[in-house]
Amino acid sequence: MPESARARVMELSDELRRHDVLYFQSDAPELSDADYDALRRELVALEAEYPSLLAPDSPSQRVGALPAEGFETAPHRSPMLSLDNAMNEDEMRAFEARIVKLLEFPKGGSQRIDLVAEPKLDGSGVELIYTKGRFVQGLTRGNGQTGEDVTVNLQRVPSIPTRLKSDDPPEIASIRGEIVLPLAAFEALNTARVGREQKPFENPRNAAAGSLRQIHNVDFERLGSLEFRGYALAEGRPAEFDRQSEILDLLRDWGFVISPQIGICHGVDEAIHFHERLLSQRGNLPVEIDGTVFKVDRIEQQETLGALARAPRWAIAFKFPPEQAETVLEEIEFQVGRTGALTPVARLRPVRVGGVTVSNASLHNQDEIERKDIRIGDRIVIQRAGDVIPQVVRVRLDRRKEALAEGRRLARRGLPARCPVCESQTVRLEGEAVTRCANLDCPAQLKNNLRHLASRSALDIDGLGEKRVDQLVETGLVAQLSDVFALEEASLTGLERMAEKSATNLIAAIERARQTTLPRLLIALGIRHVGETVAELLTDRFETLEGLLAASPKEVAAIEGIGPTIAESVSRFMADPSNRKELARFGELGVVLAAPRPKSASEETPRQSLEGLTFVLTGTLSRPRGEAKRLIEAAGGKVTGSVSRKTNFVVAGKDPGSKVKKATDLGVEILDEAGLEGLLTDD
6 MPESARARVM ELSDELRRHD VLYFQSDAPE LSDADYDALR RELVALEAEY PSLLAPDSPS
66 QRVGALPAEG FETAPHRSPM LSLDNAMNED EMRAFEARIV KLLEFPKGGS QRIDLVAEPK
126 LDGSGVELIY TKGRFVQGLT RGNGQTGEDV TVNLQRVPSI PTRLKSDDPP EIASIRGEIV
186 LPLAAFEALN TARVGREQKP FENPRNAAAG SLRQIHNVDF ERLGSLEFRG YALAEGRPAE
246 FDRQSEILDL LRDWGFVISP QIGICHGVDE AIHFHERLLS QRGNLPVEID GTVFKVDRIE
306 QQETLGALAR APRWAIAFKF PPEQAETVLE EIEFQVGRTG ALTPVARLRP VRVGGVTVSN
366 ASLHNQDEIE RKDIRIGDRI VIQRAGDVIP QVVRVRLDRR KEALAEGRRL ARRGLPARCP
426 VCESQTVRLE GEAVTRCANL DCPAQLKNNL RHLASRSALD IDGLGEKRVD QLVETGLVAQ
486 LSDVFALEEA SLTGLERMAE KSATNLIAAI ERARQTTLPR LLIALGIRHV GETVAELLTD
546 RFETLEGLLA ASPKEVAAIE GIGPTIAESV SRFMADPSNR KELARFGELG VVLAAPRPKS
606 ASEETPRQSL EGLTFVLTGT LSRPRGEAKR LIEAAGGKVT GSVSRKTNFV VAGKDPGSKV
666 KKATDLGVEI LDEAGLEGLL TDD
């Protein structure tokens, strides 16, 4: 097996996990659906080619992301899976062929499959639980196994009935559906946010998901604007209802809103025709949709087909092509990212695309600008790729003469020789498509790096959000990452919108972050290509920061799982004099790395000592949570996201949440990390 394949699988896994958190927990996706799908398909292809690289916790095997802190979690009545995608007619025909093969129709008989067609709603999936007809619980999709309990917010959604309209409701009913924000409500919400000088939401999906997950200062008007549309009955199906189409009628009778654009297609040709017809209606619908969902109509056939780890075999989402519109490119500007990458951004004459007004679009990099010959003043075609991030598709070259006749300038915009933020020199490394600001102290880089340093996977400093980071950098209190540990309460209380209690809490969070581990520090430094997996590999090999600083590039590259690209990035960072000075200053300001642990017996020789035991992890652990999870699973245990009567142990780190209280109420044993280590090593 080539080492490059192992390194690429690790890199893709870390990247997909990061984007899962952004999408499912932060409601702030950075990638379009199409770009995310491309990364996931690459990972799936590599795992298929090299089966030994397929890990149980691979993003290819999971739905969504682990629930965020803040809400209690609860298990779904049955797994809440995702759907596989079809991007074109060939993939739809392949879907039908797979079904026909799996159902083993008799030769010579009809092999036509009846499919129910439904709009693919672009919102946030939830499960509603009814007991004897009364609404008792609502969960987000979460990771497909457990979701966040957002019952109190869902009770404010007008289209969710508090009681089912039925004289004989089932004992337990589990209704699946989508929370959406109608386009008219979305526009009104964003207008109000701009008026309050708040950042508008990117799209209705983010606004809907964010509304559901409000904890403090809940905006009841936002919740009242949401709409629930049902599409599945996971539990509680009366025996006489044996088709998906009949289930939709039942849900409507019970009082749920069902999308009116429903149809039954007899075979794939009718399905493709339905999809094309729905696409033509898309711009006139009151809610955003991004495709058509096709499900095998007969429940008996669904049960025969079954499901894979991530998605059922009996359903597929036929995605729409991105919506496009034409407008004028008014300017090209450059933004500076966390790694110093200069990203060109198109400033556009505002235009409506996919139900929202777009005034900016991604240009990716300078090579893309030159390949498409994009010039300021051009008429261009843009699209919302995956209906998230607007992108420039092409230039209307046939309209250039018209533009010149109108007196519009058509200027080319080259890469700046100096950073637009700090005016330092820019560089472009050989073999890379990206130009970067070479100044590690660039304010734009510093802000993004500081947010990264404070993130949960790094030093986990609560209170260092986007606006607070901007404030600290712009007032000069933080000019380099290590300055965070030089902050004092007196200097913070003088800042605008910084109350004494907020300052005290932030200083306390910084104090807690002084005690950390080498993997967390390596992640916090923002070294390119270094995520949780690579940080753990480096720590396993060199054990201490001093050991890593003394390592040669050859020694780093020799680590199994780290390819030459990652090794070069790590070695270049560690060799840079300014970075070494910054690392020394961390130590001078009291940042202490936990001593490397001797490998336990469970790590040297995994045993099944925890077979049949279920664990829940809470609070900040000394090691990355992913590492603790892997150790438990290697010993035969299971890690879940919520505490229940089936939980055997709750492992509590610093500042544990409400899970400890729930464990106490249920009589579940609570362990510290030493207790977990004892279980792992106990003979």
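For what it's worth, the numbering used here labels the leading residue of the sequence shown as 6, then goes sequentially.
All C-beta atoms in this analysis are idealised placements derived from N, C-alpha and C, irrespective of residue type, glycine included.
Check, Outcome
"Span of the beta strand (DSSP E) around residue 232", "232-240"
"Residues sharing a beta bridge with residue 119, DSSP", "271"
"DSSP-derived helix/strand/coil call for residue 135", "strand"
"Segment limits, beta strand (DSSP E) that includes residue 295", "294-301"
"For residue 95, the three-state DSSP class (helix, strand or coil)", "helix"
"Range covered by the beta strand (DSSP E) that runs through residue 352", "347-358"
"Where residue 453 falls: helix, strand or coil (DSSP)", "helix"
"Beta-carbon proximity check, residue 652 vs residue 665, cutoff 7 Å", "no"
"From 244, 157, 217, residue whose alpha carbon lies closest to that of residue 175", "244"
"Nearest-angstrom Cα separation, counted from residue 452 out to residue 421", "21 Å"
"Separation of residue 450 from residue 608, as counted between CA atoms", "In this predicted model, residue 608 has a pLDDT of only 47, less than 50, meaning its place in the structure is not dependable; the value taken from the coordinates is given anyway. C-alpha separation (whole angstroms): 38 Å."
"Residue burial classification, residue 209 (beta-carbon count within 10 angstroms, cutoff 16)", "buried"
"Residue from 188, 233, 517, 226 with nearest C-alpha to residue 362", "188"
"Span of the alpha helix (DSSP H) around residue 507", "505-518"
"Rounded distance between the beta-carbons of residue 431 and residue 347, thought under 8 Å", "6 Å"
"Own chain, CB closer than 6 Å to residue 357, minus 5 neighbours either side, in chain order", "none"
"Nearest to residue 456 (by Cα), restricted to the options 163, 181, 474", "474"
"Buried or exposed by the 16-neighbour rule on C-beta atoms within 10 Å, applied to residue 551", "exposed"
"Sheet register partners of residue 227 (DSSP bridge)", "DSSP lists no partner for residue 227."
"Contacting residues, own chain, Cβ-Cβ under 7 Å from residue 312 (five flanking each side not counted)", "86, 318"
"In DSSP terms, what residue 154 is bridged to", "144"
"Burial state of residue 669 (16 or more Cβ within 10 Å)", "exposed"
"Option nearest residue 538 by Cα separation, candidates 382, 402, 565, 520", "565"
"Cβ neighbours of residue 682 in the same chain (closer than 6 Å, five flanking residues each side left out)", "none"
"Alpha carbon of residue 230 to alpha carbon of residue 183, nearest angstrom", "14 Å"
"CA-to-CA distance, residue 63 to residue 569, given in whole angstroms", "23 Å"
"Beta-carbon proximity check, residue 166 vs residue 272, cutoff 7 Å", "no"
"Neighbour-count burial assignment, residue 510, 16 or more Cβ in a 10 Å radius", "exposed"
"For residue 263 and residue 501, the rounded distance between their alpha carbons", "48 Å"
"6 Å CB neighbourhood of residue 578 in its chain, flanking five on each side removed", "532, 584"
"Endpoints, beta strand (DSSP E) assigned at residue 655", "654-657"
"Distance, residue 397 Cα to residue 250 Cα", "40 Å"
"Boundaries of the alpha helix (DSSP H) in which residue 576 is found, first to last residue", "569-580"
"At least three beta-carbon pairs within less than 8 Å, the stretch 300-312 to the stretch 377-385", "no"
"CA-to-CA distance, residue 411 to residue 383, given in whole angstroms", "12 Å"
"Run of the alpha helix (DSSP H) containing residue 304, from where it starts to where it stops", "304-310"
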